[in-house]
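Taking this note's numbering, the leading residue of the sequence shown gets 971, the next gets one more, and so forth.
Backbone N, C-alpha and C define an ideal beta-carbon position, used for all residues, glycine too.
Input: a single structure, listed below in structure tokens.
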Amino acid sequence: MYNLTLEDSFLRRFEQSVKACWNKTALVEYNQPGITYGELAAELEKTVLWWRAAGLQPGDKIAINARSSAGWGKTFFAAQTGGFVAVQLFNGFTPEDTMHLVAHSDSRILYTEKAIFEKMDFEAMPQVMGVLDTKSGELLAARGNFADIYAQRDAIFAAAHPNGLSADDVHFQDRPLDELCALMYTSGSTGNPKGVMISIRNFSSNIQLIPHHFPYKREDNYVSVLPYAHIFGLVYDLMAPLCYGMTLCILYVPPVPAYLKPALRDYKPYVFFAVPLIINKMIDDTIGEFIRSKSGAAKLADYKNNPDFCEALRTIFMNAFGGNLGLMITGGAAMPEQLERLFLEQLKVPFVTGYGMTECTPTITLGHKETYVMKECGEPVPEGIELKIDSPDPHHVAGEVLVRGHVVFSGYYKNPEATRAVFTEDGWFRTGDLGTIDDLGRTFLVGRSKSMILGANGQNIFPEEIEVVLNQLPYVQESIVVGRNGQLTALIVPNQAMLEDQNIDADTLKSIMDANLATLNQKIPAYSSVRGYEVQFTPFAKTPKGSIKRFMYK
């Protein structure tokens, strides 16, 4: 693990990029005017100055509760460069939950969206000085002299910089490596949100290690589609591109193919980070009709003898990403085996996956094209983390993944009990994930320790392993396996697009799912046999990163 110093601070790296790329476009929302690194620096400085004039003190907290946008990014970086704490709140939280978390985090300013704030009660957040619309900048509510200070923000900046801001004027203050700089409230899949305390060290280690593994290069553009209220989106889609001087294009609208493909075509990214759901939609839009047809499916199954067909599909798919794609990275949710095989074996798409958690800001393991194999989630990153499997035989017997290092958070805000529960006595963070590791360091996850089901004969059953098999069967879109009265039941969401395309009625669907259940039980150990199933047509509720909220289904 590398020794971090202030020279490695992500703030210094960001400052270097601002100065070196002063006249280069830094930030743009797709189809909207962009701003240069110099203009971004000026906007950050203006924001910090008027925040201070309004009474904010170092370490005060600014909550952000909005969809990803240029305004979101500016607010976050203003908090970092000004010595404050950014509080990330998922814009999918209910208004009641958001107000509770704004209070819990001691936030003094709230950046949100007008439509969201209209459902809140400003009087129920008495510690908040003001509320602003993240995108438009409209002041939505204020107390004391906050509105007056906000109205004077241009004059405050002009007084401090009568000749404007130059590159030589930019000096972001150093912050101690272990100083709190962000709180991230996770929606999590195991219960109520927790405020993960993130330090300068945590962010800096992640930003430092990224280019050692993934080709983030100043000369390239980056297309951002992930939510910044989720740690993968924040670090990989917002912070890293700007810290390395790239031009960052924020899609802003939903990342469906109709919106995403034009942005990819125009900006031609070399690196693209997405969750499996987005990739699946792109596959359906570009080559879905070919791989779902009987002849196409047969050719893919016999891909070694159909190289021209596979190359044609690869060309169509890669061109949809702008034709310059050198690496596609996914994380945040499990990669379906069928999709992984399509990329790695059949189409040879340059693809890897990674594994991380909010508590590790987020990086634990990263895959590498040269050694990547099916079902792995990458190797531990030596720059920022140590990893071990709590098992007598880590190569063959799954155990809990334990980690420690620069990327690991210090604890949950105002929750010492929860903090103590996730750390061992000698300082290892308990991820709650179960996995194995091979001789090359490749890590393979088998499930969550909390979702493990104890079988009738005492055998440990990992429902995720069953779901991987079930999700490959005909017409299954996604599934969850739960324990009921000592038996396993599968909750299945069918692929409704395929049902409609092929005019599958209810009776035929039942026959298909009955056959699927029989096939499933032939493919898995007898002790983990699934005794029944339920079909539901509403997709499972998910966290911001796309993980199913298992605690909602019993």
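Problem - Residue from Gly1375, Glu1066, Glu1281 and His1200 with nearest C-alpha to asparagine 1172 - result: Among Gly1375, Glu1066, Glu1281 and His1200, the Cα nearest to that of asparagine 1172 belongs to Gly1375.
Practice task
Could you tell me whether the segment 1187-1197 touches the segment 1393-1411, where touching means 3 or more Cβ pairs closer than 8 Å?
Solution key: When Cβ pairs closer than 8 Å are counted between the two stretches, the segment 1187-1197 is seen not to touch the segment 1393-1411, the count staying below three.
Practice task
Could you tell me whether the segment 1017-1034 touches the segment 1109-1126, using the rule of 3 or more Cβ pairs below 8 Å?
Solution key: Segments in contact, yes.
Problem - Per-residue burial, histidine 1200 [other beta carbons within 10 Å of its own, 16 or more giving buried] - result: So histidine 1200 counts as buried.
Exercise for the section: Would you kindly work out how many angstroms separate the C-alpha atoms of cysteine 1213 and tyrosine 1206, rounded to a whole number? Expected result: Answer to the nearest angstrom: the Cα atoms are 10 Å apart.
Handout entry: Beta-carbon spacing of glycine 1134, tyrosine 1383 below 7 Å
Key = No, they are not a contact pair.
Practice task
Run the CB neighbour count on isoleucine 1143, radius 10 Å, all protein chains shown included, and call it buried at 16 or more, exposed below.
Solution key: It is glutamine, not isoleucine, that sits at residue 1143 in the sequence shown. A residue is called buried once 16 or more other Cβ atoms fall within 10 Å of its Cβ, and glutamine 1143, having fewer, is exposed.
Handout entry: Cβ distance (whole Å) where serine 1075 is taken to contact valine 1057 below 8 Å
Key = Taking C-beta atoms under 8 Å as the contact rule, serine 1075 and valine 1057 qualify, at a distance of about 5 Å.
Exercise for the section: Can you grab the Cα-Cα spacing for the pair glutamine 1122 / tryptophan 1020, in whole Å? Expected result: Inter-residue distance for glutamine 1122 and tryptophan 1020 is about 8 Å (C-alpha atoms, whole angstroms).
Problem - N-terminal and C-terminal residue of the alpha helix (DSSP H) that glycine 1296 is part of - result: Here glycine 1296 belongs to no alpha helix (DSSP H), and DSSP marks it neither H nor E.
Problem - Residues sharing a beta bridge with serine 1077, DSSP - result: In the DSSP output, where bridge partners are listed per residue, serine 1077 has Lys1031.
Problem - Check whether phenylalanine 1313 and valine 1319 have beta carbons under 7 Å apart - result: When the beta-carbon positions are compared, phenylalanine 1313 and valine 1319 come within less than 7 Å of each other.
Exercise for the section: Name, in chain order, the residues that DSSP records as bridge partners for asparagine 1276. Expected result: Its beta-bridge partners do not exist; DSSP assigns none.
Handout entry: Under the three-state DSSP convention, the category glutamate 1370 falls into
Key = Residue state for glutamate 1370 is assigned as strand, using DSSP reduced to three classes.
Exercise for the section: Could you work out which residue in Leu1080, Leu1440, Cys1151 and Lys1274 is closest to alanine 1488 when comparing CA atoms only? Expected result: Closest by alpha carbon: Leu1440.
Problem - proline 1065 (DSSP reduced to helix, strand or coil) - result: Helix, per DSSP.
Practice task
Look at the alpha carbon of threonine 1217 and the alpha carbon of valine 1351, and state the distance between them as a whole number of angstroms.
Solution key: Straight-line Cα distance between these residues: approximately 26 Å.
Exercise for the section: Apply the 10 Å Cβ neighbour rule to valine 1343 and answer buried if 16 or more other Cβ atoms are within range, or exposed otherwise. Expected result: Under this definition valine 1343 is an exposed residue.
Exercise for the section: Indicate whether at least one CB of chain B lies closer than 7 Å to the CB of threonine 1323. Expected result: In the structure shown, chain B does not exist; there is a single protein chain.
Practice task
Label threonine 1104 either buried or exposed according to how many other C-beta atoms from any shown protein chain fall within 10 Å of its C-beta, with 16 as the threshold for buried.
Solution key: Under the 10 Å beta carbon count, threonine 1104 is surrounded by 16 or more other beta carbons and is classified as buried.
Practice task
Take aspartate 1360 and list the residues in its own chain whose beta-carbon comes closer than 6 Å to its own, dropping the five residues that flank it on each side.
Solution key: Shown here for aspartate 1360: same chain residues with a beta carbon closer than 6 Å to its own, the five before and five after excluded, namely Gly1369, Glu1370 and Leu1372 in chain order.
Exercise for the section: With glutamate 1448 as the anchor, note down where its beta strand (DSSP E) starts and where it stops. Expected result: Segment 1446-1454, the beta strand (DSSP E) holding glutamate 1448.
Exercise for the section: Taking proline 1464 as part of the alpha helix (DSSP H), name the residues at either end of that continuous run. Expected result: Unbroken run through proline 1464 is the beta strand (DSSP E), 1457-1464; no alpha helix (DSSP H).
Handout entry: Length of the line joining the Cα atoms of threonine 1051 and valine 1018
Key = Taken atom to atom, the span from the alpha-carbon of threonine 1051 to that of valine 1018 is near 8 Å.
Handout entry: Expected contact under 8 Å - CB spacing of methionine 971 and glycine 1354 to nearest Å
Key = Taking 8 Å as the upper bound for CB-CB distance, methionine 971 and glycine 1354 are in contact here, some 6 Å apart.
Handout entry: Own chain residues within Cβ distance below 7 Å of valine 1101, not counting five before or after
Key = Result list for valine 1101: Leu1080, Thr1082, Phe1087, Phe1092, Leu1110 and Ala1111, in chain order.
Practice task
Closer than 7 Å by C-beta to valine 1377: which residues in its own chain qualify, once you throw out the five before and the five after it? Chain order, please.
Solution key: Contacts found: Asn1172, Ser1175, Asn1176, Cys1330, Thr1331, Thr1333, Gly1354 and Ile1355.
Problem - Length-filtered (3 minimum) beta strand (DSSP E) runs lying within the segment 1085-1170 - result: For the segment 1085-1170, the continuous beta strand (DSSP E) assignments of 3+ residues that do not extend past its boundaries occur at 1100-1103, 1109-1112, 1150-1156 and 1164-1169, in sequence order.
Handout entry: Best match in Ile1168, Pro1181 and Gly1203 for proximity to alanine 1244 [C-alpha to C-alpha]
Key = Among Ile1168, Pro1181 and Gly1203, the Cα nearest to that of alanine 1244 belongs to Gly1203.
Exercise for the section: State the CB to CB distance for the pair isoleucine 1170 and serine 979, rounded to an integer number of angstroms; the pair is presumed to be in contact (CB under 8 Å). Expected result: Contact holds; Cβ gap of about 6 Å.
Practice task
Please confirm whether glutamate 999 and tyrosine 1240 have their CB atoms less than 7 Å apart.
Solution key: In this structure, tyrosine 1240 does not lie closer than 7 Å to glutamate 999 by Cβ.
Handout entry: Exposure label - glutamate 1434; buried when at least 16 CB within 10 Å
Key = Buried, because 16 or more other Cβ atoms sit within 10 Å of the Cβ of glutamate 1434.
Exercise for the section: Indicate the three-state DSSP secondary structure (helix, strand or coil) for tyrosine 1383 in the structure shown. Expected result: Looking at tyrosine 1383 - three-state DSSP - the assignment turns out to be coil, as it is neither helix nor strand.
Handout entry: Rounded straight-line distance, which links the Cα of valine 1055 to that of glycine 1381
Key = Approximately 15 Å between the Cα atoms of the pair.
Handout entry: Extent of the continuous alpha helix (DSSP H) to which asparagine 1250 belongs
Key = Asparagine 1250 -> alpha helix (DSSP H) spans 1246-1256.
Problem - Neighbourhood of threonine 1160 by C-beta, 6 Å cutoff - its chain only, sequence neighbours within 5 removed - result: Any reading at threonine 1160 is ruled out, since the residue's pLDDT is 37, under 50, leaving its predicted position unreliable.
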